[in-house]
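The sequence shown lines up with residues 8 to 533 when you count with my numbering.
Worksheet: one structure, shown below.
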Amino acid sequence: MTTIGEALITLLEAHGVDTVFGIPGVHTVELYRGLARSKIRHVTPRHEQGAGFMADGYARAGGRPGVAFVITGPGLTNTITAMGQARADSVPMLVISGVNATDTLGKGLGFLHELPDQRGMMEKVALFSERVTEAAQLPGALARAFAVFSSSRPGPVHIEIPTDIMVKPADDIAAALSNATPPAPAPAAIAEAAKLIKAARRPLILAGGGARKADAALRRLAETLGAPVVETANARGLLHGHPLCVPASPSLKAVRALMANADLVIAAGTEFGPTDYDGYGDGGFVLPKNLIRIDIGADQIARRPVTVGIQADCAEAIEALLAAIGPGHPQAKDGEARAAAARKAALAELKPEYLAQVHAVETIRDALPGTIIVGDSTQPIYAANLYYDHDRPGGWFNAATGFGALGYGPPAAIGAALAVPQAPVVCLTGDGGFQFTLPEIGAALDAETPVIFVVWNNRGYREIETSMLDVGVEPVGVSPAPPDFCKLAEAYGIEAERLAGAGGLAVALKRARAAGKPRVIEITVD
8 MTTIGEALIT LLEAHGVDTV FGIPGVHTVE LYRGLARSKI RHVTPRHEQG AGFMADGYAR
68 AGGRPGVAFV ITGPGLTNTI TAMGQARADS VPMLVISGVN ATDTLGKGLG FLHELPDQRG
128 MMEKVALFSE RVTEAAQLPG ALARAFAVFS SSRPGPVHIE IPTDIMVKPA DDIAAALSNA
188 TPPAPAPAAI AEAAKLIKAA RRPLILAGGG ARKADAALRR LAETLGAPVV ETANARGLLH
248 GHPLCVPASP SLKAVRALMA NADLVIAAGT EFGPTDYDGY GDGGFVLPKN LIRIDIGADQ
308 IARRPVTVGI QADCAEAIEA LLAAIGPGHP QAKDGEARAA AARKAALAEL KPEYLAQVHA
368 VETIRDALPG TIIVGDSTQP IYAANLYYDH DRPGGWFNAA TGFGALGYGP PAAIGAALAV
428 PQAPVVCLTG DGGFQFTLPE IGAALDAETP VIFVVWNNRG YREIETSMLD VGVEPVGVSP
488 APPDFCKLAE AYGIEAERLA GAGGLAVALK RARAAGKPRV IEITVD
């Protein structure tokens with residue numbers, strides 16, 4: 008007999024899943040019966056939050072949904088933070104959990120890991136949550152999840168299976184594979200947008216995380232129009248080094264001035280979130296009046312006024328626009344000059360300490376070309392989110408925007424390394440954030456992922472301390488004493504070294520990469 012728990016694994020394989028992240032428990036034992044005989048790799052984090060963050064990093068780096076297995080109750084509540092980050096950044100994540108036996112649910116009888124309404128709780132953070140109560144429901148539940156991931160703005164999806172249901176027979180059920188695709192751009196919207204583009208003389212493109220897979224199409228559009236391309240943090244790596252590229256935050260005055268000077272703005276895959284567009288909280292961002300917005304989600308387009316909204320995958324919509332514009336479109340002659348002026352002015356806005364931190368990030372990029380840099384909420388990440396040009400699309404992502412979960416970097420970097428094993432992966436974290444999820448370096452060792460953990464140690468939550476001082480609040484609670492990170496790494500059997508400042512970082516990175524194993528590089532800063 009094949010049980011529902013075993014059938015779940017077979018169905019996941021049919022959907023192309025090759026890795027799951029999870030910690031087994033008494034409520035998920037039956038799922039592991041099928042997993043042990045499958046081709047799916049299981050990676051054990053040290054905490055369920057780590058499972059979620061690993062699934063997130065895996066999805067962002069590899070372009071495939073990340074999958075987490077967690078127990079009911081505390082296992083699932085531990086994963087909620089990671090699901091919140093995935094929801095904020097539109098990351099495809101499938102969380103599969105157990106739940107208590109069907110006849111006990113909602114009765115408050117005090118069973119192990121019991122919650123009053125687990126699925127009701129998950130519906131508040133997941134795109135949807137579904138309970139499987141019979142074998143015939145399972146293929147459809149999975150198909151709906153993967154349809155969301157492939158055809159709309161993605162995020163976390165939750166499926167739960169009661170412990171008494173996992174063991175029921177599931178012979179002869181087949182996968183219901185999803186062939187859902189994003190909606191095709193509406194011809195009328197494309198025609199209207201092309202008309203606006205042909206009339207524009209100072210066009211500008213805003214690129215967000217939704218455009219990360221549209222590098223070639225975006226480059227062609229920018230060059231056809233002579234339009235500078237402003238990139239939010241999640242779009243960095245697009246048009247690397249291109250004279251039309253403006254890898255700077257729209258929160259900066261120079262970028263806002265560039266946007267205000269444009270007579271047409273094309274926004275591709277960006278939600279206009281305040282952490283990207285009003286990072287200083289000064290209320291100075293003004294939505295462009297003449298705005299073409301491309302987004303895979305109709306709900307996103309409807310949230311703000313637009314001149315023309317195009318619901319579609321970014322690459323497909325841009326290709327349709329290029330076809331509608333046709334050859335011979337007169338390119339704006341001052342596009343490169345506008346972009347260069349914006350880059351120069353944006354850099355001039357950064358404080359000297361921010362410039363030094365950006366230089367440290369550039370050192371990582373230049374020492375290990377093609378690196379995936381996974382960031383936590385730490386000062387060099389904040390600085391580089393303001394201005395930094397990465398060298399590969401999708402190779403720069405962090406938790407310092409959107410939901411802003413601290414401790415994201417280490418486990419997400421492990422997920423990224425598993426998704427793209429041929430690429431160097433560097434986790435850039437602070438001493439405060441690293442302590443949130445530091446034990447996950449053990450998971451990196453178990454999984455044989457050669458992640459390089461670079462710890463920016465300024466002995467506390469320096470960014471928060473600065474924020475307190477800026478508004479006249481005496482700093483309290485921002486100086487937790489860091490441990491000896493090198494000794495802790497060595498306790499896990501991971502080699503580590505300490506640098507006084509970032510001066511020797513390039514050499515240390517090359518040495519760590521050559522080792523082909525997880526390494527910790529601690530940088531002590533004043």
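Glycine residues also receive a C-beta, built at the ideal position from the N, C-alpha and C atoms.
Presumed contact (8 angstroms Cβ cut-off) between residue i and residue j, rounded CB distance
i, j, result
"I180", "P146", "6 angstroms"
"T370", "V432", "About 16 angstroms separates the two Cβ atoms, so there is no contact after all."
"A142", "A108", "The Cβ separation is near 17 angstroms, so there is no contact."
"A347", "L271", "So it is not a contact: roughly 20 angstroms between Cβ atoms."
"D383", "G416", "3 angstroms"
Nearest candidate by alpha-carbon position, reference residue i, set the options
i, options, result
"E323", "P189, L271, L246 and I212", "P189"
"T51", "A75, S45, A66 and G69", "A75"
"P192", "I16, M8, D341 and A201", "A201"
"L184", "N241, G479 and L149", "L149"
"N297", "A264, I273 and M475", "I273"
"D398", "T385, I388, A406 and P376", "P376"
"R219", "T17, A406, M475 and G69", "G69"
"G422", "L393, M100, T9 and S157", "M100"
"I332", "V427, G440 and A198", "A198"
"A195", "R48, L328 and G12", "L328"
"A255", "T10, L354 and K175", "L354"
"D453", "G510, Y499 and P72", "Y499"
"R469", "P457, H120, F404 and P489", "P489"
"S474", "N405, H34, S159 and G286", "G286"
"A223", "L203, E20, D110 and H249", "H249"
"A89", "Y39, R226 and F443", "F443"
"G244", "A21, P334, F404 and L19", "F404"
"G280", "L119, N241, A58 and L122", "N241"
"T10", "E37, T277, I325 and V381", "E37"
Burial state of residue i (16 or more Cβ within 10 Å)
i, result
"P257", "buried"
"A396", "Note on identity: in this sequence residue 396 is Asp, with Ala being the wrong assignment. It counts as buried."
"Q338", "exposed"
"E455", "exposed"
"N268", "exposed"
"Q364", "buried"
"R514", "The displayed chain sequence assigns Val, not Arg, to residue 514. Exposed: under 16 other Cβ atoms inside 10 Å."
"Q56", "buried"
"G304", "buried"
"R263", "buried"
"Y65", "buried"
"Q429", "exposed"
"M8", "exposed"
"P400", "buried"
Beta-carbon proximity list for residue i, same chain, < 7 angstroms, skipping 5 on both sides
i, result
"E580", "In the structure as shown, the chain starts at 8 and stops at 533, and residue 580 therefore has no counterpart that could be examined."
"I308", "R300, D302, G316 and Q318"
"Y284", "P257, S258 and F292"
"R126", "S136, R138 and E167"
"T385", "L435, T436, G437, G440 and W463"
"Y389", "A407 and E470"
Cut-off 6 angstroms between Cβ atoms - residues of its own chain near residue i, not counting five sequence neighbours on either side
i, result
"S486", "G467"
"R526", "I459, E502 and A519"
"A95", "G409 and F410"
"V236", "I212, A214, A229, L246, L251 and C252"
"A234", "P210, L211, I212 and G342"
"E472", "P482 and V485"
"K524", "P457"
"Y39", "P31"
"A412", "T88, Q92 and A406"
"P446", "R53"
"T531", "N464 and A507"
Three-state secondary structure assigned by DSSP to residue i
i, result
"D453", "helix"
"H336", "coil"
"T4", "Outside the shown range of the chain, which is 8 to 533, sits residue 4, and nothing can be said about it."
"R71", "coil"
"N464", "strand"
"G440", "helix"
"L163", "Looking at the sequence shown, residue 163 is not Leu but Pro. In this structure, P163 counts as strand in the three-state DSSP scheme."
"S104", "strand"
"V365", "helix"
"E130", "coil"
"P376", "coil"
"S136", "strand"
"A274", "strand"
"S48", "Rather than Ser, the amino acid found at residue 48 in this sequence is Arg. It is a strand residue."
"E5", "The requested residue 5 is not part of the displayed model; the chain covers only 8 to 533."
"G244", "strand"
Contact with chain D by residue i, beta-carbon distance below 7 angstroms
i, result
"D396", "Given the protein chain composition of this structure (a single chain), no chain D is represented."
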